[in-house]
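If you count by my numbering, then the sequence shown holds residues 11 to 269, one letter each, in order. All C-beta atoms in this analysis are idealised placements derived from N, C-alpha and C, irrespective of residue type, glycine included. Down below is the structure, laid out as structure tokens.
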Amino acid sequence: MLAWRVPLLVAVVFGGLAVHLLLRLIERPFFGLRRPVTPFVTQGVCKAALLVLGIGLKVAGKRMQERGAVVANHAGWLDIFTLNAPQRIYFVAKHEVARWPAIGWLARATGTVFIRRDARDARLQKMVFEARLRAGHHLCFFPEGTSSDGARVLPFKPTLFAAFFTEELIDFLSVQPVSLVYIGPNNRDPRFYGWWGDLSFFGHLLRVAAQPRQGRVEVVFHPPVKVSDFPNRKDLARHCEAAVKSALVQRLPDGVMRD
Numbered sequence: 011m012l013a014w015r016v017p018l019l020v021a022v023v024f025g026g027l028a029v030h031l032l033l034r035l036i037e038r039p040f041f042g043l044r045r046p047v048t049p050f051v052t053q054g055v056c057k058a059a060l061l062v063l064g065i066g067l068k069v070a071g072k073r074m075q076e077r078g079a080v081v082a083n084h085a086g087w088l089d090i091f092t093l094n095a096p097q098r099i100y101f102v103a104k105h106e107v108a109r110w111p112a113i114g115w116l117a118r119a120t121g122t123v124f125i126r127r128d129a130r131d132a133r134l135q136k137m138v139f140e141a142r143l144r145a146g147h148h149l150c151f152f153p154e155g156t157s158s159d160g161a162r163v164l165p166f167k168p169t170l171f172a173a174f175f176t177e178e179l180i181d182f183l184s185v186q187p188v189s190l191v192y193i194g195p196n197n198r199d200p201r202f203y204g205w206w207g208d209l210s211f212f213g214h215l216l217r218v219a220a221q222p223r224q225g226r227v228e229v230v231f232h233p234p235v236k237v238s239d240f241p242n243r244k245d246l247a248r249h250c251e252a253a254v255k256s257a258l259v260q261r262l263p264d265g266v267m268r269d
């Protein structure tokens with residue numbers, strides 16, 4: 011499997027990146043922050059990547075149409091493909107990701123917003139969020155703050171919801187919780203698709219690509235909620251965490267879900 015999957019995956023991802031960058035050269039001067047074409051390229055590449063890897067994709071629920079943000083549980087690098095395949099979003103990631111090999115290049119090219127956890131940058135980051143959201147971008151946050159083994163949902167950090175409660179955003183912003191439910195291949199560890207612990211990115215990529223018969227991922231879109239309906243960031247974080255966790259409880263095989 012490795013002999014053909016990895017080269018084909020590289021060709022799909024970086025071939026798509028080349029097309030994306032060429033189109034962006036035309037798109038940027040005419041549309042600025044708005045990206046009417048290139049997100050469809052990203053979406054197509056992510057669908058193709060899952061096909062190459064042989065991982066099934068099932069989608070439940072409806073994608074948000076309102077302006078706003080998406081929050082999801084985080085199991086690792088596969089989330090990039092599984093979240094982008096059924097929708098057009100832009101990730102919010104810690105600044106260090108921009109320097110990661112391969113992933114950092116792709117993230118920068120596809121419009122990821124990089125943030126520093128430094129109070130001195132808070133005002134600038136708020137302005138960036140507002141500009142992107144007003145341009146119609148659906149920004150995707152991982153409120154757990156790190157990746158898990160895919161069989162649990164870590165506590166959502168309320169601090170990551172603070173940006174939604176600014177005066178400029180609260181009245182028009184909606185948030186949609188999204189659950190990523192990874193079902194491992196038969197006879198493998200149910201946490202097979204989770205990228206956690208000490209396993210390197212390339213080590214995990216090779217392990218997944220070498221698997222002959224893959225499992226699947228289910229992307230569950232929960233009803234979006236208006237930020238203005240919540241009194242504070244803690245209540246919004248609790249609501250989103252409960253919604254995301256509910257799908258894992260319902261859809262993971264018995265005994266797999268972990269507290």
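Open item on the list: For a test of the three-state rule: what should DSSP assign to R162, helix, strand or coil?
Closed with: coil
Task: Separation of D239 from V138, as counted between CA atoms - done: 24 Å
- [ ] Assign F40 to one of three DSSP states: helix, strand, or coil.
- [x] helix
Task: Cβ neighbour criterion (16 or more within 10 Å) applied to T52 - done: buried
Open item on the list: Between the alpha carbons of F50 and L149, how many angstroms are there, rounded?
Closed with: 16 Å
Task: Classification of C212 by the beta-carbon crowding that lies within 10 angstroms, buried from 16 upward - done: According to the sequence provided, residue 212 is Phe. The question's Cys does not apply to it. Exposed: under 16 other Cβ atoms inside 10 Å.
Open item on the list: Let me check you understand the geometry: is the CB of E37 closer than 8 Å to at least one non-hydrogen atom of the ligand GTP?
Closed with: Ligands displayed in this structure: none; no statement on the ligand GTP is therefore possible.
Task: From R243, R226, D159, F175, residue whose alpha carbon lies closest to that of H214 - done: D159
TODO: Find out if the Cβ-Cβ distance for the pair V185, V237 is shorter than 9 Å.
DONE: yes
Open item on the list: Between which two residues does the alpha helix (DSSP H) holding I90 run?
Closed with: 88–94
Task: Nearest-angstrom Cα separation, counted from E251 out to V163 - done: 8 Å
Open item on the list: By alpha-carbon positions, which one of I99, G42, T156 ends up nearest to W205?
Closed with: T156
Task: Residues near A141 in its chain [Cβ-Cβ closer than 7 Å; skip 5 each side] - done: L43
Task: Continuous beta strand (DSSP E) stretch holding L149: start and end - done: 149–151
Task: Inter-residue Cα distance where the pair is A117 and A219 - done: 21 Å
Open item on the list: Using CA atoms only, rank isn't needed, just tell me which of L143, W115, Q135 is closest to I99.
Closed with: L143
- [ ] Out of F24, V235, A70, F41, state which residue places its alpha-carbon closest to the alpha-carbon of P111.
- [x] F24
Open item on the list: Just verifying my parser: in three-state terms, what is the DSSP assignment at E228?
Closed with: strand
- [ ] Check S184 in the structure and name its three-state DSSP category.
- [x] strand
Task: Contacting residues, own chain, Cβ-Cβ under 7 Å from A103 (five flanking each side not counted) - done: A117, T122, F124
Task: Which listed residue (A119, V81, A108) has its alpha carbon closest to that of F152 - done: V81
TODO: Specify the secondary structure class of K25 as computed by DSSP and reduced to three states.
DONE: The sequence given here has Gly at residue 25, not Lys. Helix at G25.
- [ ] My understanding is that R73 touches P96, with C-beta atoms under 8 Å, so please give their C-beta distance in whole angstroms.
- [x] 7 Å
Open item on the list: As a quick exercise: from L258, V235, R261, pick the residue whose alpha carbon is nearest that of H249.
Closed with: V235
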